[in-house]
Amino acid sequence: MRSTIALIALLLNAAPLAAGSEALDVRSAVFIERSDAQGRRIEPADRLLRGDTIVTVLTWHAPDRAGYTIVSAVPPALALESASHDAMEVSTDGGRTWRALADARDLPSGITHLRWQAQAGDGRLSYRARVR
Numbered sequence: 002m003r004s005t006i007a008l009i010a011l012l013l014n015a016a017p018l019a020a021g022s023e024a025l026d027v028r029s030a031v032f033i034e035r036s037d038a039q040g041r042r043i044e045p046a047d048r049l050l051r052g053d054t055i056v057t058v059l060t061w062h063a064p065d066r067a068g069y070t071i072v073s074a075v076p077p078a079l080a081l082e083s084a085s086h087d088a089m090e091v092s093t094d095g096g097r098t099w100r101a102l103a104d105a106r107d108l109p110s111g112i113t114h115l116r117w118q119a120q121a122g123d124g125r126l127s128y129r130a131r132v133r
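Residues 2 to 133, numbered by this note's numbering, are exactly what the sequence shown covers, in order.
This is the structure:
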């Protein structure tokens, strides 16, 4: 139970880093994906169990003057499955090296960090992951 609470806290409080982030507002929300006879839906996460599929949604508001590079750590208890942004870069070595995604629906295993460009205004990115 403690590890479940810690994972949710990590996901909600792990504000992505950005150069010049004084005026950059980044927020995250974590949802659990559920499937039943009526289809797929997401619900706010209050606890996570091994095998759960989660959807994390990151939103931001960047000031009008410049673009930003946002870096977000991926908790080790998550195995990323897909993302909503093909222009994202991924790292599998703690953020030391980066590579562009060929297809955001087919992510490499072992991703430790995500990186993407945020232009002025509002933006949103989401990713699906399985709790290990």
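Where is the CB? At the ideal position from N, CA and C, for every residue including glycine.
These numbers come from a predicted model, not from an experiment.
Can residue i and residue j be called in contact, C-beta distance under 8 Å?
| i | j | result |
| --- | --- | --- |
| Trp117 | Ala88 | yes |
| Pro64 | Ala130 | no |
| Val58 | Ala78 | no |
| Thr70 | Gly96 | no |
Report the three-state DSSP secondary structure of residue i (helix, strand or coil).
| i | result |
| --- | --- |
| Ser73 | strand |
| Ser127 | strand |
| Ala38 | coil |
| Gln118 | strand |
| Pro45 | strand |
| Asp26 | strand |
Residue i to residue j, Cα distance in whole Å?
| i | j | result |
| --- | --- | --- |
| Ile55 | Ala67 | 32 Å |
| Ala119 | Val72 | 10 Å |
| Ala80 | Asp37 | 23 Å |
| Arg133 | Gly124 | 29 Å |
| Arg100 | Ser127 | 18 Å |
| Thr93 | Leu115 | 9 Å |
| Arg28 | Leu50 | 23 Å |
| Ile33 | Gly40 | 14 Å |
| Asp26 | Ala103 | 28 Å |
| Arg42 | Thr98 | 35 Å |
Counting contacts by CB-CB distance shorter than 8 Å, is residue i in contact with chain D?
| i | result |
| --- | --- |
| Ala121 | This model lacks chain D altogether, as it is built from one protein chain only. |
Going by DSSP, which residues form a beta bridge with residue i?
| i | result |
| --- | --- |
| Glu90 | Ala101 and Arg116 |
| Ala84 | Tyr128 |
| Leu79 | Val132 |
| Ala63 | Gly122 |
Is it true that the stretch 79-88 meets the stretch 98-110, where meeting means three or more beta-carbon pairs spaced less than 8 Å apart?
-> By the Cβ criterion, the stretch 79-88 is in contact with the stretch 98-110, since at least three pairs of Cβ atoms, one from each stretch, lie closer than 8 Å.
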